[in-house]
Ligand SMILES: Cc1ncc(COP(=O)(O)O)c(C=O)c1O
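Numbering (this note's numbering), first residue to last: 25 to 383.
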């Protein structure tokens, strides 16, 4: 494996890739239903939930669409502090929902006070939040944000995108009162892309019964009907479900707490190095992501040249996202990445930066 310090698709362990290579079988067969049931059941630990976990044959954006189609007839408050939160706002708007933006500057977090104020001004059926904003390296204070919603507007459903954090950072769906929590396979789960997972609370599923125009592919009530028979309405992405079943055993063997600690330690190492090197994280201390560090390119590093240099050494990082391209660069430390990989990356970056200085 070549350590790819990019926020997805990440490296996949050879044995996980291999787990996809089982023979195909009819998806409406007892054999496949047993695998589907096992994988969905194990996934509950990932979400820290007693509710249901849906396995969707599409990437995470599809679950963003499912969230807004199923859990709001019209009014949504979208908390936006980066590109992926803005994507969710756009998905909601494109689906005809009356969506209000609560926006803060890229690099800042959504604060419980701002959210509470917005909820005091108007009632919303649902609020959308991105836990870990991959574009800026900011982790929103999710537990406190959920508490603010519960206090001011307890019936508002809390929809959370944890595409770049679930499986790498502790998120307690039931304890924090999250109603819909979604992720993609190609980030902290360290699987190939194409599978999306989302858990939904009972009260959210009940609310969905009152929602019109849920569509078909993303109708979670239809998904639920089939899920109860360990199946899906459409043909699922079977190889990825084989791999998920296998991968979740590897997570359990590592131990979730250890896995979270490994992610936190790697991000801290990168961020501390960034500070020392005069290229600090965009995010202030206290709201920094534990899976992707977005460092400010204060030294005017040619990011694509640096990546070429790193690629020759079997590594790769990511440029800044969207309007942060070349202004920032991102080092993702998720999935299969280990501290020893980080310890190899840092001197390689230092070597590149040193050689670009005039002698
Ligand atoms: C936070 C976040 N949300 C949503 C997405 C979109 O996910 P997908 O590409 O799986 O549709 C991404 C992708 O990078 C992301 O980082």
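For glycine and all other residues, C-beta sits at the position ideal for the given N, C-alpha and C.
(message) In whole angstroms, give me the CA-to-CA distance for residue 125 and residue 205.
(response) Looking up residue 125 in the chain shown gives position 101. Looking up residue 205 in the chain shown gives position 181. Whole-angstrom Cα-Cα distance: 20 Å.
(request) Determine the contact status of residue 131 and residue 307, defining contact as a CB-CB distance below 8 Å. (result) For the purposes of this step, residue 131 is taken as residue 107 along the chain shown, with counting starting at 1. For the purposes of this step, residue 307 is taken as residue 283 along the chain shown, with counting starting at 1. With a cutoff of 8 Å on beta-carbon distance, residue 131 and residue 307 are scored as near each other.
(request) Using the Cα positions of residue 232 and residue 331, report the straight-line distance between them to the nearest angstrom. (result) Within the chain shown, residue 232 is the residue found at index 208, counting from 1. Within the chain shown, residue 331 is the residue found at index 307, counting from 1. Using only the alpha carbons, I get a separation of about 46 Å.
(request) Would you mind stating whether residue 181 and residue 203 have Cβ atoms separated by less than 8 Å? (result) Here residue 181 refers to the residue found at position 157 of the chain shown. Here residue 203 refers to the residue found at position 179 of the chain shown. In this structure, residue 203 lies closer than 8 Å to residue 181 by Cβ.
(message) Restricting to Cα atoms, I'd like to know which of 216, 328, 105 and 371 is closest to residue 81.
(response) Numbered from 1 along the chain shown, position 57 holds the residue referred to as residue 81. Just measuring C-alpha positions, the residue of 216, 328, 105 and 371 sitting nearest residue 81 is 216.
(message) Looking at ligand 1, does it come within less than 7 Å of residue 85, judged from the CB to the closest heavy atom?
(response) Working through the chain shown from its first residue, we reach residue 85 at position 61. Yes, Cβ of residue 85 sits closer than 7 Å to a heavy atom of ligand 1.
(message) On a Cα-Cα basis, can you pick out the residue from 168, 288, 127 and 145 that is closest to residue 136?
(response) Within the chain shown, numbered from 1, the residue matching residue 136 stands at position 112. Selected option, being the one with the closest Cα: 168.
(request) Determine, using beta-carbon pairs with one atom in the segment 38-57 and one in the segment 254-271, whether at least three such pairs fall under 8 Å. (result) Contact between the segment 38-57 and the segment 254-271 is present, because at least three Cβ pairs lie under 8 Å.
(message) Give me, in chain order, the residues of the same chain whose beta-carbon lies closer than 6 Å to that of residue 93; leave out the 5 immediate sequence neighbours on both sides.
(response) By 1-based counting over the chain shown, the position of residue 93 is 69. Result list for residue 93: 119, 238, 239 and 242, in chain order.
(request) For the alpha helix (DSSP H) holding residue 40, just list the boundary residues, first then last. (result) One-based indexing of the chain shown puts residue 40 at position 16. Its alpha helix (DSSP H) spans residues 38-43.
(request) Identify whether residue 123 lies in helix, strand or coil by the three-state DSSP scheme. (result) On the chain shown, position 99 is the one that residue 123 refers to. If DSSP states are grouped into helix, strand and coil, residue 123 belongs with the strands.
(message) Considering just the uninterrupted stretch of the beta strand (DSSP E) at residue 170, what are its terminal residues?
(response) Indexing the chain shown from 1 puts residue 170 at position 146. Not the beta strand (DSSP E): residue 170 falls in the alpha helix (DSSP H), residues 166-176.
(request) Starting from residue 333, follow its DSSP beta bridges and name the residues at the other end. (result) Locating residue 333 in the chain shown gives position 309, counting from the first residue. According to DSSP, residue 333 bridges with nothing at all.
(message) Measuring only from the beta carbon, is residue 156 closer than 7 Å to any heavy atom that is part of ligand 1?
(response) To locate residue 156, count along the chain shown from 1; it is residue 132. In this structure, residue 156 has its beta carbon less than 7 Å from a heavy atom of ligand 1.
(request) Following the continuous beta strand (DSSP E) through residue 84, name the residue where it begins and the one where it ends. (result) Reading the chain shown from its first residue, position 60 is the one you call residue 84. Annotation: residue 84 is outside any beta strand (DSSP E); the continuous alpha helix (DSSP H) that includes it extends over 84-95.
(message) Quick check: what's the CA-CA separation for residue 362 versus residue 64?
(response) Taking the chain shown and counting its residues from 1, the one referred to as residue 362 is at position 338. Taking the chain shown and counting its residues from 1, the one referred to as residue 64 is at position 40. Residue 362 and residue 64: Cα-Cα distance of roughly 27 Å.
(request) Mind reading off the beta-carbon distance from residue 263 to residue 79? Whole number of angstroms is fine, and I expect it under 8 Å. (result) Sequence index remark: in the chain shown, residue 263 carries index 239 (1-based). Sequence index remark: in the chain shown, residue 79 carries index 55 (1-based). Not a contact, Cβ separation roughly 13 Å.
(message) What I want to know is whether the C-beta of residue 32 ends up closer than 7 Å to one or more non-hydrogen atoms of ligand 1.
(response) Your numbering for residue 32 matches position 8 in the chain shown. Residue 32 Cβ: within cutoff of ligand 1.
(message) Quick check: is any heavy atom of ligand 1 less than 7 Å from the C-beta of residue 108?
(response) Taking the chain shown and counting its residues from 1, one reaches residue 108 at position 84. Residue 108 Cβ: within cutoff of ligand 1.
(request) Compute the Euclidean distance between the alpha carbons of residue 192 and residue 275, then round it to the nearest angstrom. (result) The residue you call residue 192 lines up with position 168 of the chain shown. The residue you call residue 275 lines up with position 251 of the chain shown. Straight through space, the alpha carbons of residue 275 and residue 192 are spaced by roughly 10 Å.
(message) So, at 8 Å on beta carbons, what are the nonlocal neighbours of residue 245 in its own chain, with the 5 sequence-adjacent residues on each side left out?
(response) Position 221 of the chain shown, counted from the first residue, corresponds to residue 245. Cβ within range, chain order: 94, 229, 232, 233 and 238.
(message) For ligand 1, is there any heavy atom lying closer than 7 Å to the beta carbon of residue 185?
(response) For this step, residue 185 is matched to residue 161 along the chain shown. Taking 7 Å as the cut-off, one finds at least one heavy atom of ligand 1 near enough to the beta carbon of residue 185.
(message) Do residue 154 and residue 112 count as a contact pair if the criterion is CB distance below 8 Å?
(response) Numbered from 1 along the chain shown, position 88 holds the residue referred to as residue 112. Numbered from 1 along the chain shown, position 130 holds the residue referred to as residue 154. Yes. Within cutoff.
(message) Can you determine whether any heavy atom of ligand 1 sits closer than 7 Å to the C-beta of residue 286, and answer yes or no?
(response) Taking the chain shown and counting its residues from 1, the one referred to as residue 286 is at position 262. Between ligand 1 and the CB of residue 286, the shortest heavy atom gap is not smaller than 7 Å.
(message) Below 7 Å, is the gap between the Cβ of residue 354 and the nearest heavy atom of ligand 1?
(response) In the chain shown, the residue the question calls residue 354 occupies position 330. Annotation for residue 354 indicates a beta carbon at 7 Å or more from all heavy atoms of ligand 1.
(message) Please list the terminal residues of the continuous alpha helix (DSSP H) segment that includes residue 134.
(response) Numbered from 1 along the chain shown, position 110 holds the residue referred to as residue 134. Segment: none, residue 134 is in no alpha helix (DSSP H) and carries neither H nor E.
(message) So, does the segment 344-353 touch the segment 285-300, judging by three or more C-beta pairs under 8 Å?
(response) Three or more beta-carbon pairs separated by less than 8 Å are not found between the segment 344-353 and the segment 285-300, which leaves the two stretches without contact.
(request) State the start and end residues of the unbroken beta strand (DSSP E) segment that holds residue 268. (result) On the chain shown, position 244 is the one that residue 268 refers to. Counting along the chain, residue 268 sits inside no beta strand (DSSP E); it lies in the alpha helix (DSSP H) bounded by residues 262-278.
(message) Nearest by alpha-carbon distance to residue 358: which of 348, 314 and 141 is it?
(response) The sequence position of residue 358 within the chain shown is 334, counting from 1. Ranking the options by Cα distance to residue 358, first place goes to 314.
(message) Quick check on residue 367: buried or exposed, where buried means 16 or more other Cβ atoms within 10 Å of its Cβ?
(response) Against the chain shown, residue 367 aligns to sequence position 343. It counts as exposed.
(request) Report all residues from its chain with a CB closer than 8 Å to the CB of residue 283; omit the five preceding and five following residues, and keep chain order. (result) Residue 283 sits at position 259 when you count from the first residue of the chain shown. Correct list, in chain order: 191, 192 and 275.
(request) Confirm the yes/no value for this check: CB of residue 208, any heavy atom of ligand 1, distance under 7 Å. (result) Residue mapping note: residue 208 aligns to position 184 of the chain shown, counting from 1. The beta carbon of residue 208 sits closer than 7 Å to at least one heavy atom of ligand 1.
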